[in-house]
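Just so we're aligned, residue 2 is where the sequence shown starts under our numbering, counting upward by one. Here a beta-carbon is modelled for each residue, glycine too, at the ideal position from N, C-alpha and C. Quantities reported herein were computed from a predicted structural model and do not represent experimental measurements. Written below as structure tokens is the structure these notes are about.
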Amino acid sequence: MRIDASQIADHNKKLLGGQREAYAFLQRQLARKGMNADKITGQLAGLQAAIPSWALGAGGTRFGRFSIGGEPGSLEQKIDDIGLLHALTRSAGAVSLHIPWDIPGDARAIKERAASHHIVFDAVNSNTFQDQPGQEHSYKFGSLCHTDEAVREQAIRHNLEVVGTGKELGSKSITVWLADGASFPGQHNLRGALQRTLDSLKAIYRHLPDDWRMYIEYKPYEPNFYSTVIQDWGTSYLLATECGDKAYTLVDLGHHLPNTNIEQIVATLMMKGKLGGFHFNDSKYGDDDLTVGSIKPYQLFLIFNELVYGMENNTANNPPLAWMIDASHNVKDPLEDLIQSLEAIRLAYAQALLIDNKALEEAQADNDATRAQEILQDAFRTDVRPLLREARLRSGAAIEPLALYRSLEVRKKLVRERGEKTVATGL
Ligand SMILES: [Mn+2]
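Structure, rendered in structure tokens:
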């Protein structure tokens, strides 16, 4: 199914009066602080997040998986689902493919289908954390770090095939996340595993097209529980630096030990021009699949504060960041969950744009910690939702995407079209 402009217009017409009032009120409040609401609204409209092809079905846990019904059973249907999200929000204008879960049969047709939804292809993702049917060597004991050269070569080849697929679709980057690691002390020669991983990444990097980027993602643990080869931002930074100018660190919010200061990692990487991309999600303990902003919205705001500062003070020429949602849990309708995540990302961005940076710099120079906190929290506690609604209204999206999604009974229609028991490819 598709959502057409007239359905959006009908929905917006009903909410227009209230939105006009709320926006005008906030506009006056911000003007008093010397801020321009229209400018911020324009900045918000420009923030697009890629949707990963694996987030459109219900996610599972290692204990089970419960289908949501009407899940997309093919890449075409996944693109259509992102089309629904983009029509409702105009903030999900890209897809990030996972290979081999989503190999396009006919790249040209897939590209055309995406273009018909105004969707472009963001980073492609390789997968050497699972064995595929017919695969010669197993990744049970690692891929790019493996002790056996034949396994490493197979994994390198896979990454290059993923780049080839990406090239056909118009992607310009590959994200490498490795499950490689050890579950028991002594299982790995830690230094040897890191050295082999570096050599393998360099082999992939050597074949990377000139206008491509490689993002190296890190994770402290899971699926291995004693050591992960690329465990933290420092290791990723080391690998990216050794590979070269086209390699960057990718930060996944859920891939940190509890209470890690992620905003500080962002500041450090942007200082060196090495922050490539972001995977958004949220977590409570060691998980990485909860809806963006559902647990720690203040942390997300502080991260966006560093991102905004980094983009405005870009002395190290950090490239524009690749934004992607990377979450897939097992209880919500995935499309509703993604609408909430898209909202949370723009909310944090809007709040960060409201920070009075001049006053903050003064407070910092005076070592006035109380004032600095007041400045940050004044921005965080401003209800910025009228700005988000206005950004959507002006870009032809729904003022309240989730309400429209429900009133159109999208999921019910998808179940009718695709069936109750469909299962999306992925985990
Ligand atoms: Mn990720």
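**Request:** Using a threshold of 8 angstroms, state whether the C-beta atoms of V230 and T198 are closer than that.
**Result:** Translated into positions along the sequence shown, residue 230 becomes position 229. Translated into positions along the sequence shown, residue 198 becomes position 197. Contact: yes.
**Request:** State the start and end residues of the unbroken beta strand (DSSP E) segment that holds M2.
**Result:** Taking the first residue of the sequence shown as position 1, residue 2 is located at position 1. Looking at the DSSP string, M2 is not in any beta strand (DSSP E), and its letter there is neither H nor E.
**Request:** Report whether the distance from the Cβ of E223 to the nearest heavy atom of ligand 1 is below 7 angstroms.
**Result:** Counting from 1 along the sequence shown, the entry for residue 223 is found at position 222. Flag unset: Cβ of E223 not near ligand 1.
**Message:** What I want to know is whether the C-beta of D253 ends up closer than 7 angstroms to one or more non-hydrogen atoms of ligand 1.
**Reply:** Indexing the sequence shown from 1 puts residue 253 at position 252. Yes - ligand 1 has a heavy atom lying nearer than 7 angstroms to the Cβ of D253.
**Asked** Nearest-angstrom Cα distance between A46 and G287?
**Response** Locating residue 46 in the sequence shown gives position 45, where the first residue counts as 1. Locating residue 287 in the sequence shown gives position 286, where the first residue counts as 1. Approximately 32 angstroms, taken between the alpha carbons.
**Prompt:** G35 to K359, Cα distance in whole Å?
**Reply:** Locating residue 35 in the sequence shown gives position 34, where the first residue counts as 1. Locating residue 359 in the sequence shown gives position 358, where the first residue counts as 1. Take the alpha-carbon of G35 and the one of K359: they are about 12 angstroms apart.
**Request:** Would you mind stating whether A268 and E307 have Cβ atoms separated by less than 8 angstroms?
**Result:** For this step, residue 268 is matched to residue 267 along the sequence shown. For this step, residue 307 is matched to residue 306 along the sequence shown. Cβ atoms of A268 and E307: closer than 8 angstroms.
**Request:** Would you kindly check if the distance between the Cβ of S68 and the Cβ of K422 is under 8 angstroms?
**Result:** Start at 1 with the first residue of the sequence shown, and residue 422 comes out as number 421. Start at 1 with the first residue of the sequence shown, and residue 68 comes out as number 67. Pairing K422 with S68 gives a Cβ-Cβ distance under 8 angstroms.
**Item:** E218 versus L179 - alpha carbon distance
**Value:** Start at 1 with the first residue of the sequence shown, and residue 218 comes out as number 217. Start at 1 with the first residue of the sequence shown, and residue 179 comes out as number 178. Rounded to whole angstroms, the gap between the alpha carbons of E218 and L179 is 8 angstroms.
**Message:** Is it buried or exposed, D181, if we count other Cβ atoms within 10 angstroms and call 16 or more buried?
**Reply:** The residue given as residue 181 occupies position 180 in the sequence shown. The residue is buried, with at least 16 neighbouring Cβ atoms inside 10 Å.
**Prompt:** Mind checking whether the beta-carbon of D5 lies closer than 7 angstroms to any heavy atom of ligand 1?
**Reply:** As a first step, residue 5 is located in the sequence shown; it is residue number 4 there, counting from the start. Not under cutoff, so the answer is no.
**Request:** Find the nearest neighbour of L239 within the set I104, D107, Y222 and Q196, judged by alpha-carbon distance.
**Result:** Taking the first residue of the sequence shown as 1, we reach residue 239 at position 238. For L239, the nearest C-alpha among the options comes from Q196.
**Asked** Between the Cα of G255 and the Cα atoms of S329, M215 and D246, which residue gives the shortest distance?
**Response** As a working note, residue 255 is residue 254 in the sequence shown. That would be S329, whose Cα lies nearest to the Cα of G255.
**Item:** Same chain only: Cβ atoms within 8 angstroms of Q49, ignoring 5 sequence neighbours per side
**Value:** For the purposes of this step, residue 49 is identified with residue 48 of the sequence shown, where counting begins at 1. Correct list, in chain order: S92, A93, G94, A95 and W324.
**Request:** For P221, write down the residues that DSSP places opposite it in a beta bridge.
**Result:** Counting from 1 along the sequence shown, the entry for residue 221 is found at position 220. Partner(s): none; P221 has no beta bridge.
**Asked** At which residue ranges does the segment 6-47 contain complete alpha helix (DSSP H) runs of 4 or more residues, listed in the order of the chain?
**Response** Listed in chain order, the complete alpha helix (DSSP H) runs (minimum 4 residues) inside the segment 6-47 are 6-33 and 38-46.
**Message:** One question on the structure: do H87 and H118 come within less than 8 angstroms of each other, judged by their Cβ atoms?
**Reply:** The count along the sequence shown starts at 1 and reaches residue 87 at position 86. The count along the sequence shown starts at 1 and reaches residue 118 at position 117. Contact: yes.
**Asked** Can you name the start and end residues of the beta strand (DSSP E) that G277 belongs to?
**Response** Counting from one through the sequence shown, the residue named residue 277 turns up at place 276. Under the DSSP assignment, G277 falls in the beta strand (DSSP E) whose first and last residues are L276 to F281.
**Prompt:** Counting along the chain, where does the beta strand (DSSP E) carrying I326 start and finish?
**Reply:** Counted from its first residue, the sequence shown places residue 326 at position 325. For I326, the enclosing beta strand (DSSP E) begins and ends at A323 to I326.
**Request:** Consult DSSP for I356 and reduce its assignment to one of helix, strand or coil.
**Result:** Numbered from its first residue, the sequence shown carries residue 356 at position 355. DSSP places I356 in coil when its eight states are reduced to three.
**Prompt:** Do you know offhand how far H159's Cα is from M312's?
**Reply:** Stepping through the sequence shown from its first residue, residue 159 is reached at position 158. Stepping through the sequence shown from its first residue, residue 312 is reached at position 311. The straight-line gap from Cα to Cα measures roughly 34 angstroms.
**Message:** Counting beta carbon pairs with one atom in the segment 407-415 and one in the segment 381-395, are three or more of them shorter than 8 angstroms?
**Reply:** At 8 angstroms Cβ cutoff, the stretches do not touch.
**Request:** With distances taken Cα to Cα, identify the nearest neighbour of L355 among L76, D290, K333 and N37.
**Result:** Residue numbering aside, residue 355 sits at position 354 when the sequence shown is read from its first letter. The shortest C-alpha separation from L355 is found at N37.
**Request:** Could you round the C-beta distance between L1 and L322 to whole angstroms and report it? I think they count as a contact, below 8 angstroms.
**Result:** Absent from the model: residue 1. The displayed extent of the chain is 2 to 428, so no value can be given.
**Item:** Where the alpha helix (DSSP H) containing T371 begins and where it ends
**Value:** Reading the sequence shown from its first residue, position 370 is the one you call residue 371. Here the alpha helix (DSSP H) through T371 covers A370 to F381.
**Three-state class that DSSP yields for S139 in the structure shown** = Here residue 139 refers to the residue found at position 138 of the sequence shown. For S139, the secondary structure class from DSSP, reduced to helix, strand or coil, is coil.
**Request:** Give the secondary structure of R91 by DSSP, where H, G and I count as helix, E and B as strand, and everything else as coil.
**Result:** Translated into the one-based positions of the sequence shown, residue 91 becomes position 90. In the three-state reduction of the DSSP assignment, R91 falls in the coil class, being assigned neither a helical nor a strand state.
**Prompt:** If you compare alpha carbons, which of E113, I205, E337 and F122 is closest to R153?
**Reply:** To locate residue 153, count along the sequence shown from 1; it is residue 152. Each of E113, I205, E337 and F122 was checked against the Cα of R153, and the nearest Cα belongs to I205.
**Item:** Host alpha helix (DSSP H) of P387 (start-end)
**Value:** Stepping through the sequence shown from its first residue, residue 387 is reached at position 386. Taken as a continuous stretch (DSSP letters only), the alpha helix (DSSP H) holding P387 covers R386 to R395.
**Straight-line Cα distance separating A23 from L336** = In the sequence shown, the residue the question calls residue 336 occupies position 335. In the sequence shown, the residue the question calls residue 23 occupies position 22. Each residue's Cα considered, the two are about 27 angstroms apart.
**Asked** What are the boundary residues of the alpha helix (DSSP H) that L308 is part of?
**Response** On the sequence shown, residue 308 is found 307 positions in, with the first residue counted as 1. Boundaries of the alpha helix (DSSP H) around L308: P298 to E313.
**Message:** Buried or exposed for Q28, going by 16 or more other Cβ atoms inside 10 Å?
**Reply:** Your numbering for residue 28 matches position 27 in the sequence shown. Counting Cβ neighbours within 10 Å, Q28 comes out buried, since at least 16 surround it.
**Message:** Quick check on DSSP: helix, strand or coil for S172?
**Reply:** Taking the sequence shown and counting its residues from 1, one reaches residue 172 at position 171. Coil, per DSSP.
**Message:** Judging by CA-CA distance, which residue of G235, L394 and E344 is the nearest neighbour of L16?
**Reply:** Working through the sequence shown from its first residue, we reach residue 16 at position 15. Closest option to L16, Cα to Cα, is L394.
**Message:** Between the alpha carbons of A6 and I400, how many angstroms are there, rounded?
**Reply:** Taking the sequence shown and counting its residues from 1, one reaches residue 6 at position 5. Taking the sequence shown and counting its residues from 1, one reaches residue 400 at position 399. Near 13 angstroms, if we compare the C-alpha coordinates of I400 and A6.
**Alpha-carbon to alpha-carbon, Y249 and D456** = There is no way to answer for residue 456, as the model of the chain reaches only from 2 to 428.
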